[in-house]
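These protein sequence lines map, in sequence, to chains A and B.
Just so we're on the same page, our numbering is the position in the first sequence counted from 1, plus 10.
Just so we're on the same page, our numbering is the position in the second sequence counted from 1, plus 81.
Glycine included, C-beta positions come from ideal geometry on N, C-alpha and C.
So the structure is just underneath, and the comments pick up after that.
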Amino acid sequence: MANSKTVIFKIKRQQTPESKPYWEEFELQYRPGMNVTSALMDIAANPVTRQGKPTTPVTYDSNCLEEICGSCAMLINGQAKMACSALVANLKQPITLEPFSKFPIVRDLAVDRSVLFENLKGVKAWVPVDGTYDLGTGPRQSSEMQEEAYPLSNCISCCCCMEACPQFNDKTGFVGAATIAQVRLFNSHPTGKALKTERLKALMGDGGIQECGYAQNCVEICPKELPLTKSIADVGGQVMWQAVKDFFRT
Amino acid sequence: MASSASSIDTSSARIKKGVAPLRAGQGYSFVLRRLHSLSGIVPIGAFLIEHFISNSEASKGVQAYNDQVKFLTSLPFVHVLEWVFIFLPLLYHGIYGLYIWYKGDSNVGEYPWSGNWLYTSQRWTGIIAFIYIAYHVIDLRFLGVHLMGGGYQNAFSKVWFDFQSPWTIAFYVIGIVAASWHFAYGVWLFAAKWGLTTGDNARRKFGYVCTALALVLIGIGLWTITGFVRTPAAQVPWVEHD
Ligand code: HEM
Ligand code: SF4
Ligand code: SF4
Ligand code: FES
Chain A
11 MANSKTVIFK IKRQQTPESK PYWEEFELQY RPGMNVTSAL MDIAANPVTR
61 QGKPTTPVTY DSNCLEEICG SCAMLINGQA KMACSALVAN LKQPITLEPF
111 SKFPIVRDLA VDRSVLFENL KGVKAWVPVD GTYDLGTGPR QSSEMQEEAY
161 PLSNCISCCC CMEACPQFND KTGFVGAATI AQVRLFNSHP TGKALKTERL
211 KALMGDGGIQ ECGYAQNCVE ICPKELPLTK SIADVGGQVM WQAVKDFFRT
Chain B
82 MASSASSIDT SSARIKKGVA PLRAGQGYSF VLRRLHSLSG IVPIGAFLIE
132 HFISNSEASK GVQAYNDQVK FLTSLPFVHV LEWVFIFLPL LYHGIYGLYI
182 WYKGDSNVGE YPWSGNWLYT SQRWTGIIAF IYIAYHVIDL RFLGVHLMGG
232 GYQNAFSKVW FDFQSPWTIA FYVIGIVAAS WHFAYGVWLF AAKWGLTTGD
282 NARRKFGYVC TALALVLIGI GLWTITGFVR TPAAQVPWVE HD
């Protein structure tokens with residue numbers, strides 16, 4: 011045998027949103043360049059556990075396979091990571107795969123991350139351009155503004171920053187770093203600015219920016235390297251000014 | 082294929098568990114949380130600095146220390162001052178701090194990074210400081226010889242007698258280190274959260290400033306302790322009291 015190297019996966023599985031989780035082990039042939047998503051594809055092609063027991067293919071989310079759609083986030087060896095860019099060669103074995111721990115489980119490794127969508131709606135993370143007539147082109151943005159904005163626009167809504175955040179849980183209902191970064195992005199946009207006050211007031215609600223304990227896990231874990239702690243500090247300042255204005259001027 | 086695909090329901094609307102989305106426009110946690118943050122700087126942190134500097138008079142000897150206590154205890158409305166600017170803010174910050182701690186889920190096991198360690202250490206140094214301060218205040222402010230209203234001549238002696246036990250000294254060292262560290266990192270957190278140090282470089286540089294602040298406070302605190310320990314029993318007056 012030219013290449014008999016194998017990889018062991020321990021995968022936490024769960025049949026339905028309500029049922030009990032259980033672990034299954036798989037042993038796969040190692041292939042150069044193998045990543046966690048491709049390993050899950052191999053399992054789907056031959057769903058037999060390490061003990062030789064036939065089982066169902068593991069359910070997981072994925073789409074782009076190039077770390078740009080944000081769908082494949084899961085706990086890999088206990089840490090939030092994107093499965094498609096997690097190279098097996100770089101991971102300690104046996105490799106454990108678990109669904110995110112702070113999001114409702116749909117099945118196996120697939121979780122429901124719609125809370126981020128709700129949060130983005132809550133802060134109006136968009137540029138308001140809807141109208142009854144053509145509004146024409148927007149104001150020009152300087153290259154400095156573009157340089158600040160571009161990294162923020164890279165967010166892929168994977169929710170890694172929220173999963174890894176010690177403050178993001180049922181007790182706080184914290185909005186999480188991703189939404190705060192998008193507030194910074196849209197508040198800095200010349201047309202998006204129109205909703206700045208509404209966004210900042212939304213972030214003062216329960217579960218808002220105040221819940222951040224500045225542990226900085228978000229910025230460490232973010233696969234797209236968004237400047238999250240910088241955004242939290244910047245938006246934290248914006249929110250404070252808004253609060254001071256509200257207090258003294260209304 | 083007999084069964085239809087509709088048996089698998091992936092609609093997110095049906096899944097009602099999980100972390101609640103942002104409650105825009107609801108609740109008071111923003112004000113309470115920012116008040117907690119501010120109270121750590123003023124008045125508590127400001128008092129901490131004043132307290133360390135005042136007590137360092139001990140390194141100049143019995144007379145200098147007692148004079149400083151005389152000055153502080155003779156401030157007008159001293160009881161109002163101590164409740165409004167010290168005890169009540171400390172109780173608020175401490176109790177709300179425990180509530181903040183309870184609500185967070187420390188996860189240094191999974192994510193052993195320095196910011197995360199500091200997040201966790203801010204909780205532990207907080208509780209250590211709280212227990213130490215509670216003991217310190219009850220012992221020296223509320224029990225034993227009273228220093229208010231002319232009792233200031235006993236100030237140095239009261240602390241000096243306490244320090245005859247090495248356990249007390251050890252507890253003071255722990256309390257001083259914990260409170261200094263908690264305050265210094267608290268200043269750093271405050272600057273980051275209130276948007277004073279937005280840039281990564283600014284936060285890194287301010288980190289050095291706050292580390293220096295912690296070390297200076299610890300240094301003053303330990304120097305003060307040696308002021309008591311170095312003083313021989315013969316120099317310590319024992320003033321009769323009832
Ligand atoms: C009495 C017991 C105390 C407890 C339980 C406590 C707890 C806490 C906690 C949990 C935080 C972190 C808040 C967060 O990360 O969001 C914090 C922050 C802080 N604490 Fe304390 N603390 C205590 C005493 C003190 C004392 C004695 C001082 C001042 C010398 C102090 C000054 C600060 C400061 C300046 C902050 C930063 C505020 C911020 O997070 O923005 N604390 N405290
Ligand atoms: S800085 Fe820490 S507490 Fe704040 S959002 Fe990021 S991980 Fe969460
Ligand atoms: S900020 Fe980063 S970690 Fe958070 S959702 Fe966006 S891409 Fe993912
Ligand atoms: S499959 Fe799109 S990010 Fe991994």
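Contacting residues, own chain, Cβ-Cβ under 6 Å from residue i (five flanking each side not counted)
i	result
A:Leu75	Cys94
A:Ile242	Ile190 and Cys222
A:Ile21	Glu34, Val68 and Leu107
A:Thr207	none
B:Phe152	none
A:Gly247	none
B:Ala317	In the sequence as displayed, the identity of residue 317 of chain B is Val instead of Ala. Excluding positions up to five away in sequence, the list reads Ser238 and Trp241.
B:Ser85	For B:Ser85, the pLDDT reaches just 46, beneath the cut-off of 50, and the residue's location in the model is therefore unreliable, leaving the point undetermined.
Cβ-heavy atom distance, residue i to ligand 3, below 7 Å
i	result
A:Leu238	yes
Heavy atom of ligand 2 within 7 Å of residue i beta-carbon
i	result
B:Ile299	no
A:Tyr224	yes
A:Ala174	yes
A:Ile242	yes
B:Phe287	no
A:Phe178	yes
Proximal residues of chain A, C-beta to C-beta of residue i below 7 Å
i	result
B:Asn188	Pro176
B:Val100	Lys112, Val125, Phe178, Asn179, Asp180 and Gly183
B:Ser202	Correct list: empty, because the minimum Cβ distance to chain A is about 11 Å.
B:Ser110	Asp216 and Gln220
B:Leu153	Correct list: empty, because the minimum Cβ distance to chain A is about 33 Å.
B:Lys184	Lys181 and Thr182
B:Leu270	Tyr224
Any non-hydrogen atom of ligand 4 closer than 7 Å to residue i Cβ
i	result
A:Ser48	no
A:Met92	yes
A:Asn73	yes
A:Ile78	yes
B:Cys291	no
Same chain, Cβ closer than 8 Å to residue i, neighbours up to 5 away in sequence not counted
i	result
A:Gly223	Pro176 and Gln177
B:Val310	Phe244 and Ile250
B:Thr292	Ala265
Chain B residues whose Cβ lies nearer than 7 Å to that of residue i
i	result
A:Glu37	Near A:Glu37 there are no residues of chain B at all, since even the closest Cβ is about 25 Å away, more than 7 Å.
A:Asp244	Gly276 and Thr279
A:Glu235	Simply none; closest approach about 12 Å.
A:Gly141	Within chain B, no residue comes near A:Gly141; the closest Cβ sits about 24 Å away, beyond 7 Å.
A:Gln24	Ordered by position in chain B, no residue passes the 7 Å Cβ test against A:Gln24, which lies about 13 Å from the chain.
A:Ile240	According to the sequence shown, residue 240 of chain A is Lys rather than Ile. Those are Thr279, Gly280 and Asp281, listed as they occur along chain B.
A:Met250	Trp275 and Gly276
Neighbouring residues, chain B, relative to residue i (Cβ below 8 Å)
i	result
A:Lys211	Ala105 and Gly106
A:Asn129	Pro102 and Leu103
A:Gly62	Those within 8 Å of A:Gly62 in chain B number zero; the least Cβ separation is about 27 Å.
Contacting residues, own chain, Cβ-Cβ under 7 Å from residue i (five flanking each side not counted)
i	result
A:Glu158	Ser198
B:Leu162	Leu156
B:His174	His117, Ser120, Gly121 and Ile125
B:Thr91	Note that B:Thr91 scores 49 on pLDDT, short of 50, meaning its location in the model is unreliable; the coordinates nonetheless yield the value given after this. Cβ within range, chain order: n/a, list empty.
B:Tyr253	Ile306
A:Trp251	none
B:Arg285	none
A:Cys232	Cys170, Cys171 and Leu238
B:Val165	none
Residue i: contacting residues in chain B (beta-carbon distance under 9 Å)
i	result
A:Val133	Leu103 and Ala105
A:Glu230	Tyr192, Trp194, Gly196 and Asn197
A:Gln89	Glu191 and Tyr192
Proximal chain A residues relative to residue i, where beta-carbon distance stays under 8 Å
i	result
B:Lys31	Given that chain B is displayed from residue 82 to residue 323, the structure contains no residue 31 of chain B and the question cannot be resolved.
B:Ala273	Tyr224, Thr239, Ile242, Ala243 and Gly246
B:Arg114	Gln220 and Glu221
Under 9 Å from the C-beta of residue i: neighbouring residues of chain A
i	result
B:Ala315	Result: empty, since nearest Cβ-Cβ is about 51 Å, beyond 9 Å.
Subject >> For ligand 3, residues whose Cβ lies under 7 Å from any non-hydrogen atom >> reply: Having a Cβ closer than 7 Å to some heavy atom of ligand 3 are A:Gly80, A:Leu126, A:Asn164, A:Cys165, A:Ile166, A:Ser167, A:Cys168, A:Cys169, A:Cys170, A:Cys171, A:Met172, A:Ala187, A:Ala188, A:Ala191, A:Cys228, A:Ile231, A:Cys232, A:Pro233, A:Lys234, A:Leu236 and A:Leu238.
Original post:
Given 8 Å as the limit, is there contact between the stretch 215-223 of chain B and the stretch 296-306 of chain B, that is, 3 or more CB pairs closer than that?
Top reply: Between the stretch 215-223 of chain B and the stretch 296-306 of chain B there are fewer than three C-beta pairs closer than 8 Å, too few to call the two in contact.
**OP:** Spell out a yes or no on whether the stretch 113-125 of chain B and the stretch 263-273 of chain B are touching, meaning 3 or more CB-CB pairs, one atom from each, closer than 8 Å.
**Re:** As far as the Cβ criterion goes, the stretch 113-125 of chain B touches the stretch 263-273 of chain B, which means the pair count is three or higher.
Original post:
Hey, is the stretch 169-188 of chain A in contact with the stretch 133-149 of chain B, meaning 3+ C-beta pairs nearer than 8 Å?
Top reply: Too few Cβ pairs lie closer than 8 Å, so no.
Original post:
Do the stretch 87-101 of chain A and the stretch 143-152 of chain A touch if we need at least three Cβ pairs shorter than 8 Å?
Top reply: When Cβ pairs closer than 8 Å are counted between the two stretches, the stretch 87-101 of chain A is seen not to touch the stretch 143-152 of chain A, the count staying below three.
Subject >> At least 3 beta-carbon pairs within less than 8 Å: the stretch 98-105 of chain A vs the stretch 58-66 of chain A >> reply: Because the criterion of three Cβ pairs below 8 Å is not met, the stretch 98-105 of chain A and the stretch 58-66 of chain A do not touch.
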